[in-house]
Every structure is written in structure tokens, then in C-alpha cells.
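Numbering (this note's numbering), first residue to last: 1233 to 1431.
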């Protein structure tokens, strides 16, 4: 039931976005979705994903259940599809070499990830995790916080966190998905251009 309600909301919101942006879409006739509509839908998805994470940690009625069970999951898929579509359209307008593409896309992702990871490791180390591991896990505290906070971090583990082989937060799975998508798109685009030509 929750997925049906969320689907209806998304269909209505998508239709409303397309109707409102119809006049602006004249300049983007070759695009299935114009940039303004895509940005509006991604903003809506972003808000729904944030509400989803909040709803997972609260108790409540039907609205909370809709957002917790269906909203965030559905919004995430739509957000990733719109982002992928935007990258494909961007590359269609201005094709880049694989090395330049990877440097541009992955650089935007890797630099903030590295910075956040370094800050998190330092903060976890300084804060410390003095409760028992079972108590921390029961309160949804990550294993990384326990390991780093109890000063059990080894150099190989530290390197694993920095390069993304281990994550200090469960939410960082998203970074891996985006990075994999960038790599897959860049490689498949290069292979297709070599195989079939065009730009």
C-alpha cells in the first residue's frame, strides 16, 4: 500500500513538473526531461530521502510508514536515474575523453569523501567509545566508531577507510554506487564510441 501511495505522489509530481516547465522546454527539445524539471524532481527526491531517514528513527502513523517504507526507497531510484540521465545528456552535448571524464566526475566525489573520512577518523578518535560494543551497536552506533573510538585502529584499517574499502558509516554505500556508476558509464561510453563511432 505504501509503495502505491508513493508511486501516485511521484506520478502526480512528475506530471506537474512537466506541465509547469513546458514553456521552458522549447530550448531543450532534444531532451526527454529538461534541466529545470530534472533539478526540481531531484530536489523533491532529496527531501523525501531525508524524511525517509528521519521516519526510520521515529514511531507514528500512516504518513511515517509511507515515508519510511516506500518514500525513500522509491525516491533514491528516481534520484539516481535522473542523475544518470543528466550525465548522459551532458556528455552528449560535450563529449570528453575517458581520462578527463573520470578526473572531472570522480574528482568531485573522491576529494570530499577523503576529507570527510579523515575528519571522521580524527573526531571518532578524540571522542572515544567508552561504552561496551554491544551497547553501542544497540544504539545504532557504527562498528567503525567502536573500533576507532576505542583506539583499536590499525594502519591497514586506516588506509582501508581512506580508500573506501571500509566505511565508517553505513550511509557511505551511496558513494560506492555513484563511483561505480561513473566508472561503468565512462567505460561503456568509450567502448561504444570506439565500436560504433559518433559523438
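Backbone N, C-alpha and C define an ideal beta-carbon position, used for all residues, glycine too.
Cβ separation of residue i and residue j, assumed to be a contact under 8 Å, to the nearest whole Å
| i | j | result |
| --- | --- | --- |
| residue 1382 | residue 1361 | 5 Å |
| residue 1400 | residue 1327 | Actually they do not touch by this definition, with Cβ atoms about 37 Å apart. |
C-alpha distance - residue i paired with residue j, whole-angstrom precision
| i | j | result |
| --- | --- | --- |
| residue 1418 | residue 1375 | 34 Å |
| residue 1314 | residue 1282 | 17 Å |
| residue 1425 | residue 1306 | 33 Å |
| residue 1356 | residue 1390 | 12 Å |
| residue 1406 | residue 1429 | 33 Å |
| residue 1427 | residue 1331 | 18 Å |
| residue 1260 | residue 1324 | Because residue 1260 carries a pLDDT of 49, less than 50, the predicted location of this residue cannot be relied on, and the following value inherits that uncertainty. One C-alpha to the other measures close to 13 Å. |
| residue 1384 | residue 1291 | 35 Å |
| residue 1322 | residue 1316 | 10 Å |
| residue 1359 | residue 1268 | 43 Å |
| residue 1378 | residue 1363 | 9 Å |
| residue 1288 | residue 1329 | 42 Å |
Residue nearest to residue i in terms of C-alpha spacing, selected from the options
| i | options | result |
| --- | --- | --- |
| residue 1477 | 1398, 1336 and 1403 | There is no way to answer for residue 1477, as the model of the chain reaches only from 1233 to 1431. |
| residue 1337 | 1422, 1243 and 1410 | 1410 |
| residue 1272 | 1310, 1345 and 1240 | 1310 |
| residue 1278 | 1264, 1269, 1290 and 1304 | 1304 |
| residue 1320 | 1288, 1275 and 1270 | 1270 |
| residue 1333 | 1367, 1427, 1366 and 1420 | 1420 |
| residue 1266 | 1318, 1289 and 1244 | 1318 |
| residue 1408 | 1335, 1377, 1385 and 1341 | 1341 |
| residue 1394 | 1346, 1276, 1354 and 1280 | 1346 |
| residue 1396 | 1423, 1364, 1344 and 1366 | 1344 |
| residue 1412 | 1240, 1275, 1280 and 1312 | 1312 |
| residue 1335 | 1308, 1414 and 1422 | 1414 |
So within the stretch 1318-1358, which uninterrupted beta strand (DSSP E) runs reach at least 3 residues, ignoring any that extend past its ends?
Fully enclosed beta strand (DSSP E) runs of 3 or longer: not present.
4-residue-minimum alpha helix (DSSP H) runs that sit fully inside the stretch 1371-1404, ordered along the chain:
Listed in chain order, they are 1375-1381 and 1387-1395.
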